[in-house]
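Okay, so here's the structure we're looking at.
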Amino acid sequence: MEKPSVFIISGKSPVGDSGGYPAYSYNLGRMVTSLKYPVSLFAVADTASVDKTPYGTVYFSNTRLISLFPMLRHLALAGLPYYAFILYQSMKRVLRDSGSLHCIVWGMGPWGLPGVLLKLFPPRGVKVRL
0 MEKPSVFIIS
10 GKSPVGDSGG
20 YPAYSYNLGR
30 MVTSLKYPVS
40 LFAVADTASV
50 DKTPYGTVYF
60 SNTRLISLFP
70 MLRHLALAGL
80 PYYAFILYQS
90 MKRVLRDSGS
100 LHCIVWGMGP
110 WGLPGVLLKL
120 FPPRGVKVRL
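Heads up, the sequence shown is in numbering that gives the first Met the number 0, so the first residue is 0 and it goes up one at a time.
Have a look at this one:
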């Protein structure tokens with residue numbers, strides 16, 4: 000049986016940011032990747048991009064709102080409802096494009112909200128577990 004995709008949502012970048020959530024997502028991604036699961040990490044960043052790393056593929060989502068108000072990037076929780084929808088859309092697109100029928104989502108703290116949205120509104124035929 001095919002291993003499910005594992006989505007890790009940290010809000011901040013495990014590649015360039017410091018602090019608890021980025022460090023935890025990096026370590027979790029490294030551990031899960033070592034178990035041969037396909038890992039995708041999702042974060043808010045200044046620019047939208049994709050970065051393939053040894054601990055999974057990192058999907059950076061950007062919004063025009065961050066460009067207009069750069070301080071929101073450092074006060075990410077203030078924009079959580081907005082970012083949750085942006086990250087949910089990114090996760091849904093990645094899951095749909097991967098063709099995987101199963102997904103496990105691990106959201107750190109309040110960043111679990113996009114995972115709840117993905118569980119409630121998954122791509123057709125996909126089973127999401129939190």
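Every residue, glycine too, gets a C-beta built ideally from N, C-alpha and C. Quantities reported herein were computed from a predicted structural model and do not represent experimental measurements.
Reference residue i; option with closest CA among the options
i	options	result
residue 48	60, 20, 21, 38	60
residue 11	95, 89, 25, 51	25
residue 8	129, 106, 128, 121	106
For residue i, three-class secondary structure by DSSP
i	result
residue 2	coil
residue 84	helix
residue 96	helix
residue 89	helix
Buried versus exposed call for residue i [16 or more other C-beta atoms within 10 Å across all chains shown]
i	result
residue 30	exposed
Element boundaries [alpha helix (DSSP H), containing residue i]
i	result
residue 111	Counting along the chain, residue 111 falls outside any alpha helix (DSSP H), and DSSP gives it neither H nor E.
Start-to-end residues for the beta strand (DSSP E) that takes in residue i
i	result
residue 32	First-last for residue 32: 19-33, but that is the alpha helix (DSSP H), not the beta strand (DSSP E).
residue 126	126-128
residue 59	55-60
Close-in-space but distant-in-sequence residues of the same chain around residue i (CB under 7 Å, 5 per side omitted)
i	result
residue 87	113, 116, 117
Cutoff 8 Å: residue i Cβ touching any chain D Cβ
i	result
residue 35	Protein chain content of the structure displayed is limited to a single chain, and chain D is not contained in it.
Same chain only: Cβ atoms within 8 Å of residue i, ignoring 5 sequence neighbours per side
i	result
residue 32	38, 53, 54, 55
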